[in-house]
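K.L.:
Quick one: this structure, given as structure tokens, is what I'll be asking you about.
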Amino acid sequence: MSEIATDRESGNEARAVALRDEQLHARRVRVDRMFVWLFLIQYIGGIIAALTVSPYAWEGKVHTVHLHVWIAVIGGAGIIILPILLAIFRPGTTLTRHVIAASQMLSSALLIHLTGGRIETHFHVFGSLAFLAFYLDWKTLLTATVVVAGDHFLRGIFWPESVYGVANPEWWRFLEHAGWVAFEDVFLIWACVMGKREIAASAARQAQVEHLSELEQLKSAALEMAMAEMQVASA
Amino acid sequence: MKRRALVTALLIAAGLIWAATVGAMYHAVRHFETTPGRGAAARTMWPARSRIVPVRDRWTLVMLIHPHCSCTRASLQELERIIEMSDPSLQTYVVVYRPADFQAGWEKTETFEAAKHLQRAHVIVDPDGAEARLFGGFTSGQTFLYDREGALRFSGGITSLRGHAGVNRGSMDVVDIVHAKAQQGTHPVFGCAIVTTESEKRP
Numbered sequence: 001m002s003e004i005a006t007d008r009e010s011g012n013e014a015r016a017v018a019l020r021d022e023q024l025h026a027r028r029v030r031v032d033r034m035f036v037w038l039f040l041i042q043y044i045g046g047i048i049a050a051l052t053v054s055p056y057a058w059e060g061k062v063h064t065v066h067l068h069v070w071i072a073v074i075g076g077a078g079i080i081i082l083p084i085l086l087a088i089f090r091p092g093t094t095l096t097r098h099v100i101a102a103s104q105m106l107s108s109a110l111l112i113h114l115t116g117g118r119i120e121t122h123f124h125v126f127g128s129l130a131f132l133a134f135y136l137d138w139k140t141l142l143t144a145t146v147v148v149a150g151d152h153f154l155r156g157i158f159w160p161e162s163v164y165g166v167a168n169p170e171w172w173r174f175l176e177h178a179g180w181v182a183f184e185d186v187f188l189i190w191a192c193v194m195g196k197r198e199i200a201a202s203a204a205r206q207a208q209v210e211h212l213s214e215l216e217q218l219k220s221a222a223l224e225m226a227m228a229e230m231q232v233a234s235a
Numbered sequence: 236m237k238r239r240a241l242v243t244a245l246l247i248a249a250g251l252i253w254a255a256t257v258g259a260m261y262h263a264v265r266h267f268e269t270t271p272g273r274g275a276a277a278r279t280m281w282p283a284r285s286r287i288v289p290v291r292d293r294w295t296l297v298m299l300i301h302p303h304c305s306c307t308r309a310s311l312q313e314l315e316r317i318i319e320m321s322d323p324s325l326q327t328y329v330v331v332y333r334p335a336d337f338q339a340g341w342e343k344t345e346t347f348e349a350a351k352h353l354q355r356a357h358v359i360v361d362p363d364g365a366e367a368r369l370f371g372g373f374t375s376g377q378t379f380l381y382d383r384e385g386a387l388r389f390s391g392g393i394t395s396l397r398g399h400a401g402v403n404r405g406s407m408d409v410v411d412i413v414h415a416k417a418q419q420g421t422h423p424v425f426g427c428a429i430v431t432t433e434s435e436k437r438p
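Chains as they are written, first to last, in my numbering: chain A, 1 to 235; chain B, 236 to 438.
Here it is in structure tokens:
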């Protein structure tokens, strides 16, 4: 009897895990699709920003298309091509999520550059992290943070003025910038863990309901069979 | 099976494009931002033939700008900071380039308006860069600081990179010199060309 109960419990758990994975996968596919649209909107936004802020480079009275416009058109497309194709052909996979996270942070860096380093555009990084949290996968946030820290670290080495405004910043300055991203990460990671637990709990409840409903069906079938047997016996 | 192989090949190609784009973009942006414009051949004393007449016994700052140069907005932001941090007696002139064969009004851009809104600054339109040539400047954002005797004390840019406002050696030097904390200064200038090799030969 106890063996049967244990079998049923493990069957329930397996069903709960399958339901949880199914729901998470469906959610992550939806978020992948959301990012496809977001990448396209950001791409157009980047081109508009470049055309508005710095359309031309000048030499006296002669003007040529500004490097920022080329970067927005060609560079912007290069950044989003891989995540978009992955979201279309490999939706819901771990690789897709991480490439999307890295590309989203690179899009932030591009937009910040195209808008002339405006402080306001830096909020794009924090908004993007919040969007990435929709995946309920805290590792995706780590990838995004590593890209931000890596960008600051490399620029801090090769042309520090672009990030810190001074030529000789302290070596640890990139950690200060990444620290603010990590500050947001703490709360988003907590939200991801909680969100995943809620989905798991909901999946466990659904598995339980399915199991009870299955038991009810078995009981009804047994009852119907018993009644049929009684009718046959009384006849 | 064939479709799967095609998709994999497509994704690998996209991955290579992605990596190459990121690398190329960093290289292009770094090169663009860190390459200064042509440095000035500045006169050591105030150019006598200039239309600008410096006020006696006052420090005079002259900045040359190209009104359509997007990087110059950062230079003007830095100039605003310098004006705020300096003595009110500092005379500031923003010299705005306009090609001789272009209609009046061509220079009236957002950058021009930003220059006009600077406190205690005079904006002067410079047809064909004649004043720029007199001062020996070639690049938008080029700043000259002359002392009370008309001697050149600073020549250079006041931004750290192209289009980057923020604390930098150039603007700090200007403030230090005006406050007698430094004697001379120079710094690379970042911006569009005003006086080109071709226009340099004109009188």
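Every residue, glycine too, gets a C-beta built ideally from N, C-alpha and C.
Note that the coordinates shown come from a computational prediction; the quantities given were computed from them, not determined experimentally.
Whose C-alpha, out of A:Val99, A:Gly156 and A:Ala201, is nearest the C-alpha of Thr143 of chain A?
P.N.:
Sequence index remark: in the first sequence, residue 143 of chain A carries index 143 (1-based). Thr143 of chain A has its Cα closest to that of A:Val99, out of A:Val99, A:Gly156 and A:Ala201.
K.L.:
Residues of the stretch 46 to 65 of chain A with a CB closer than 9 angstroms to any CB of chain B: list them in chain order, please.
P.N.:
Val53, Ser54, Pro55, Tyr56, Ala57, Trp58, Glu59, Gly60, Lys61, Val62 and His63
K.L.:
Assuming contact is defined by CB atoms lying nearer than 8 angstroms, are His352 of chain B and Tyr328 of chain B in contact in what I supplied?
P.N.:
Here residue 352 of chain B refers to the residue found at position 117 when the second sequence is read from its first residue. Here residue 328 of chain B refers to the residue found at position 93 when the second sequence is read from its first residue. No, the Cβ-Cβ distance between His352 of chain B and Tyr328 of chain B is not below 8 angstroms.
K.L.:
Do the stretch 273 to 280 of chain B and the stretch 418 to 429 of chain B touch if we need at least three Cβ pairs shorter than 8 angstroms?
P.N.:
yes
K.L.:
Could you have a look at Leu246 of chain B and say whether DSSP puts it in helix, strand or coil?
P.N.:
As a first step, residue 246 of chain B must be located in the second sequence, where it is residue number 11. If DSSP states are grouped into helix, strand and coil, Leu246 of chain B belongs with the helices.
K.L.:
Any beta carbon of chain A sitting closer than 8 angstroms to that of Met320 of chain B?
P.N.:
As a working mapping, residue 320 of chain B is identified with position 85 in the second sequence. No, Met320 of chain B does not count as interfacial toward chain A.
K.L.:
If you measure beta-carbon to beta-carbon, which residues of the stretch 261 to 291 of chain B are closer than 8 angstroms to chain A?
P.N.:
Correct list: Tyr261, Ala263, Val264, Arg265, Phe267, Glu268 and Thr269.
K.L.:
List the residues that DSSP assigns as beta-bridge partners of Ala57 of chain A.
P.N.:
Numbered from 1 along the first sequence, position 57 holds the residue referred to as residue 57 of chain A. For Ala57 of chain A, which the question treats as bridged, DSSP gives the partners A:Thr64.
K.L.:
Can the beta-carbon of Gly491 of chain B be found less than 8 angstroms from the beta-carbon of Ser305 of chain B?
P.N.:
Residue numbering for chain B in the displayed model covers 236 to 438; residue 491 of chain B lies beyond these limits and cannot be assessed.
K.L.:
Which residues does DSSP pair with Ser390 of chain B in a beta bridge?
P.N.:
Numbered from its first residue, the second sequence carries residue 390 of chain B at position 155. In the DSSP output, where bridge partners are listed per residue, Ser390 of chain B has B:Phe379 and B:Thr421.
K.L.:
Anything in the stretch 106 to 117 of chain A with a Cβ closer than 7 angstroms to a Cβ of chain B? List those residues in chain order, please.
P.N.:
Leu106, His113, Gly116 and Gly117
K.L.:
Return the residues of the stretch 71 to 103 of chain A that lie within a Cβ-Cβ distance of less than 7 angstroms from chain B, sorted by chain order.
P.N.:
Ile71, Gly75, Gly78, Ile79, Ile81, Leu82, Leu85, Leu86 and Phe89
K.L.:
Answer yes or no: do His236 of chain A and Gly92 of chain A have a C-beta to C-beta separation smaller than 8 angstroms?
P.N.:
Here chain A has residues from 1 to 235 only, and residue 236 of chain A is not among them.
K.L.:
Hey, how far is the Cα of Gly426 of chain B from the Cα of Gly116 of chain A?
P.N.:
The residue given as residue 426 of chain B occupies position 191 in the second sequence. The residue given as residue 116 of chain A occupies position 116 in the first sequence. Straight-line Cα distance between these residues: approximately 13 angstroms.
K.L.:
Looking only at DSSP bridge pairs, what is His399 of chain B linked to?
P.N.:
In the second sequence, the residue the question calls residue 399 of chain B occupies position 164. DSSP, once it has assigned bridges, lists B:Leu396 as partnering His399 of chain B.
K.L.:
With distances taken Cα to Cα, identify the nearest neighbour of Asp257 of chain B among A:Ala201, A:Ile81, A:Phe126 and A:Leu19.
P.N.:
Numbered from its first residue, the second sequence carries residue 257 of chain B at position 22. With the sequence shown as reference, residue 257 of chain B is identified as Val, and Asp is not the correct amino acid for it. Among A:Ala201, A:Ile81, A:Phe126 and A:Leu19, the Cα nearest to that of Val257 of chain B is on A:Ile81.
K.L.:
Looking at the structure shown, is Thr327 of chain B part of a helix, part of a strand, or coil, going by DSSP?
P.N.:
Translated into positions along the second sequence, residue 327 of chain B becomes position 92. Note: Thr327 of chain B maps to strand in three-state DSSP.
K.L.:
Taking Thr378 of chain B as the query, report the chain A residues whose CB atoms sit under 7 angstroms from its CB, ordered along the chain.
P.N.:
Taking the first residue of the second sequence as 1, we reach residue 378 of chain B at position 143. What Thr378 of chain B touches in chain A: nothing, since even the nearest Cβ is about 17 angstroms away.
K.L.:
In the DSSP assignment, find the unbroken alpha helix (DSSP H) run with Pro160 of chain A in it and report its ends.
P.N.:
In the first sequence, the residue the question calls residue 160 of chain A occupies position 160. No alpha helix (DSSP H) holds Pro160 of chain A; DSSP gives it neither H nor E.
K.L.:
Assuming Val65 of chain A contacts Ile47 of chain A (C-beta within less than 8 angstroms), just tell me the rounded distance between them.
P.N.:
As a working note, residue 65 of chain A is residue 65 in the first sequence. As a working note, residue 47 of chain A is residue 47 in the first sequence. 12 angstroms between Cβ atoms; not a contact.
K.L.:
Check whether the Cβ atoms of Val410 of chain B and Ser324 of chain B lie closer than 8 angstroms to each other.
P.N.:
Position 175 of the second sequence, counting from 1, holds the residue named residue 410 of chain B. Position 89 of the second sequence, counting from 1, holds the residue named residue 324 of chain B. Their beta carbons are not under 8 angstroms apart, which means Val410 of chain B does not touch Ser324 of chain B by this criterion.
K.L.:
If you follow the alpha helix (DSSP H) that Asp408 of chain B is part of, which residue opens it and which one closes it?
P.N.:
To locate residue 408 of chain B, count along the second sequence from 1; it is residue 173. Where Asp408 of chain B is concerned, the enclosing alpha helix (DSSP H) stretches over Arg404 to Val413.
K.L.:
Which value, in whole angstroms, describes the spacing of the CA atoms of Asp382 of chain B and Phe347 of chain B?
P.N.:
Mapped onto the second sequence, residue 382 of chain B falls at position 147. Mapped onto the second sequence, residue 347 of chain B falls at position 112. Cα-Cα distance, rounded: 26 angstroms.
K.L.:
Assign Thr94 of chain A to buried or exposed, taking buried as 16 or more other Cβ atoms, counted over all protein chains shown, within 10 Å of its Cβ.
P.N.:
By 1-based counting over the first sequence, the position of residue 94 of chain A is 94. By the neighbour-count definition (other C-beta atoms within 10 Å, threshold 16), Thr94 of chain A is an exposed residue.
K.L.:
Could you tell me the boundaries of the beta strand (DSSP E) in which Ala356 of chain B lies?
P.N.:
By 1-based counting over the second sequence, the position of residue 356 of chain B is 121. Ala356 to Pro362 is the span of the beta strand (DSSP E), which, as asked, contains Ala356 of chain B.
K.L.:
Am I right that Gln231 of chain A and Asn12 of chain A are in contact with their C-beta atoms under 8 angstroms? What's the rounded C-beta distance?
P.N.:
Here residue 231 of chain A refers to the residue found at position 231 of the first sequence. Here residue 12 of chain A refers to the residue found at position 12 of the first sequence. About 35 angstroms separates the Cβ atoms of Gln231 of chain A and Asn12 of chain A, ruling out a contact at the 8 angstroms cut-off.
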